[in-house]
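Shown next, in structure tokens, is the structure this report addresses.
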Amino acid sequence: MHRFFLSTFTFLIFTIIILPSLIVRGLDMSAPAQSPLEEEAVGTIIKVFQVETGELVEMHLEDYIVGVVAAEMPAEFAEEALKAQAVAARTFVMRRLKVYGGQGCEAHPGADICTDPSHCQGWLSAEEQQQKWGLVNYPRLRDKLAGAVDLTAGLVITHGGELIDAPYHSTCGGHTEDAVQVWGQEIPYLVGVPCPYDFASPRYQEEVSYPLTEVAARLGTPVALPAAGGIGSGLDMAILEKSGTGRIIELEAGGKQFTGLEARERLGLKSTNFQWRLEGENLVFKTIGYGHGVGLCQYGANGMAQEGHTFREILQYYYTGVDIENLYE
Ligand SMILES: [Zn+2]
Ligand SMILES: [Zn+2]
Numbered sequence: 054m055h056r057f058f059l060s061t062f063t064f065l066i067f068t069i070i071i072l073p074s075l076i077v078r079g080l081d082m083s084a085p086a087q088s089p090l091e092e093e094a095v096g097t098i099i100k101v102f103q104v105e106t107g108e109l110v111e112m113h114l115e116d117y118i119v120g121v122v123a124a125e126m127p128a129e130f131a132e133e134a135l136k137a138q139a140v141a142a143r144t145f146v147m148r149r150l151k152v153y154g155g156q157g158c159e160a161h162p163g164a165d166i167c168t169d170p171s172h173c174q175g176w177l178s179a180e181e182q183q184q185k186w187g188l189v190n191y192p193r194l195r196d197k198l199a200g201a202v203d204l205t206a207g208l209v210i211t212h213g214g215e216l217i218d219a220p221y222h223s224t225c226g227g228h229t230e231d232a233v234q235v236w237g238q239e240i241p242y243l244v245g246v247p248c249p250y251d252f253a254s255p256r257y258q259e260e261v262s263y264p265l266t267e268v269a270a271r272l273g274t275p276v277a278l279p280a281a282g283g284i285g286s287g288l289d290m291a292i293l294e295k296s297g298t299g300r301i302i303e304l305e306a307g308g309k310q311f312t313g314l315e316a317r318e319r320l321g322l323k324s325t326n327f328q329w330r331l332e333g334e335n336l337v338f339k340t341i342g343y344g345h346g347v348g349l350c351q352y353g354a355n356g357m358a359q360e361g362h363t364f365r366e367i368l369q370y371y372y373t374g375v376d377i378e379n380l381y382e
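Residue 54 is where the sequence shown starts when you use this note's numbering, and the numbers rise one by one after that.
Following this line, the structure appears as structure tokens:
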């Protein structure tokens with residue numbers, strides 16, 4: 054009787070607990086392998102310099118990634134887009150980790166990475182996430198992002214067996230850009246691709262208007278030509294060179310030359326893909342896209358996800374010829 058009970062008990066344990074887990078693991082080939090090394094991935098500690106507080110804080114890699122996705126991508130985005138962002142963010146930080154021979158954050162000695170989105174990548178603490186989403190939405194969105202990060206735990210993007218540099222941006226505006234046009238260096242996996250997926254982005258196009266005097270102040274040079282014979286005035290501004298995707302490489306204003314990046318920065322524009330027109334005493338700048346345009350287009354990633362593409366397909370679309378690998382296998 055006693056032995057019968059024990060063997061029944063063992064049989065039940067096997068069918069109720071062990072067998073289902075074997076079936077699930079056996080069938081779900083896309084899930085990251087469960088290994089002691091994966092625990093190591095989750096256990097990786099990184100040193101994050103928090104620009105807002107001036108503190109250097111140590112945290113677990115995967116917890117850090119949740120905060121990055123919260124800062125860098127709208128939480129309402131489709132799950133596969135959030136997963137793609139998580140893998141890009143993980144790759145971005147792993148390349149900088151000092152314990153793996155990375156450079157760390159050059160602006161903050163001792164830190165692997167900082168929370169300045171214009172320097173390293175953005176990151177939000179739990180309190181900042183609550184402020185951003187509101188207390189009512191926070192638990193749901195936090196779970197959604199943590200789930201997306203967890204489903205990609207340990208996954209990174211490689212090219213030729215090396216971690217890639219994984220830049221991303223909000224909205225490319227129809228075509229991503231070659232790295233060489235922005236940073237002056239050819240990078241085989243950062244080559245521009247058509248992006249028919251980001252039209253729905255609220256940042257697809259923007260207009261800003263400045264008085265001519267402010268444009269002159271921002272560029273440090275006069276941009277209005279003196280009135281000729283009392284009949285109106287013209288502009289001393291011209292595009293000298295554009296990239297194949299329409300972004301300005303070089304322009305001339307008031308006898309000075311600027312790179313597209315310099316002009317964008319001085320004028321506070323969303324991208325280097327811009328035009329202008331004179332309206333009275335104002336210069337109206339119309340920009341297409343938001344960000345440098347290199348690598349992953351976030352709104353494009355969301356568009357691809359909504360069309361049914363997986364995070365792997367999204368990443369392999371925006372980063373040319375790359376593989377997705379588990380860090381610790
Ligand atoms: Zn930094
Ligand atoms: Zn795009």
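The beta carbon of each residue, even a glycine, is placed where N, CA and C say it ideally should be.
Every value quoted in this text rests on a predicted model; they were computed, and no experiment measured them.
- [ ] Pull up the DSSP beta-bridge partners for L208, would you.
- [x] According to the DSSP secondary-structure assignment, L208 is paired through a beta bridge with N379.
Open item on the list: Check this for me: beta carbons of Q234 and S296, under 8 Å apart or not?
Closed with: yes
Open item on the list: For G344, tell me which candidate among L322, G333, L331 and A270 has the shortest Cα-Cα distance.
Closed with: L322
- [ ] Can you grab the Cα-Cα spacing for the pair G157 / K151, in whole Å?
- [x] Whole-angstrom Cα-Cα distance: 6 Å.
Open item on the list: Less than 6 Å between C-beta atoms, sequence neighbours within five positions excluded: which residues of the same chain meet that for T97?
Closed with: L114
Open item on the list: Please state the DSSP three-state secondary structure of F364.
Closed with: helix
- [ ] Assess, as a yes-or-no matter, whether the region 360-373 is touched by the region 127-138 under the definition of 3 or more beta carbon pairs within less than 8 Å.
- [x] yes
- [ ] Check the DSSP bridge columns for P264 and list the partner residues they point to.
- [x] Beta-bridge pairing by DSSP links P264 to N335.
- [ ] Go through its chain and collect everything with a Cβ distance to A160's Cβ below 7 Å, but skip five positions before and after it.
- [x] C167 and H172
Open item on the list: Tell me the DSSP secondary structure of S74 in three-state form.
Closed with: Model confidence at S74 stands at a pLDDT of 43, short of 50, so the residue's coordinates are unreliable and nothing is read from them.
TODO: With hydrogens ignored, establish whether the beta-carbon of T363 is closer than 7 Å to any heavy atom of ligand 2.
DONE: no
TODO: With hydrogens ignored, establish whether the beta-carbon of Y221 is closer than 7 Å to any heavy atom of ligand 2.
DONE: no
Open item on the list: Tell me the rounded alpha-carbon separation between G154 and D231.
Closed with: Near 27 Å, if we compare the C-alpha coordinates of D231 and G154.
TODO: For my contact list, D116 and V146 are in at a C-beta cut-off of 8 Å; report their separation, rounded to the angstrom.
DONE: No, D116 and V146 are not in contact; Cβ-Cβ is about 12 Å, not under 8 Å.
TODO: Kindly confirm or deny that the region 269-279 and the region 349-358 touch, where touching means at least three C-beta pairs closer than 8 Å.
DONE: no
- [ ] Could you give the DSSP three-state label for I217: helix, strand or coil?
- [x] coil
Task: D231 CB to nearest heavy atom of ligand 2 below 7 Å - done: no
Task: Check: A142 C-beta below 7 Å from any heavy atom of ligand 1 - done: no
Open item on the list: Under 7 Å: does the beta carbon of A441 sit that close to some heavy atom of ligand 1?
Closed with: Given that the chain is displayed from residue 54 to residue 382, the structure contains no residue 441 and the question cannot be resolved.
Task: Status (buried if at least 16 other CB within 10 Å, exposed otherwise) for P220 - done: For P220, the number of other beta carbons within 10 angstroms of its own is at least 16, and it is reported as buried.
Open item on the list: To the nearest angstrom, how far is the alpha carbon of D203 from that of L314?
Closed with: When rounded, the separation of the alpha-carbon atoms in D203 and L314 is 37 Å.
Open item on the list: Which residues end up in the neighbourhood of ligand 2 when you take C-beta atoms closer than 5 Å to any of its heavy atoms?
Closed with: Checking every Cβ against the heavy atoms of ligand 2 under 5 Å gives C225, C248, D251, C350 and G353.
Task: Y250, DSSP secondary structure in three states - done: coil
- [ ] Flag I99 as yes when its Cβ comes closer than 7 Å to any non-hydrogen atom of ligand 1, and as no otherwise.
- [x] no
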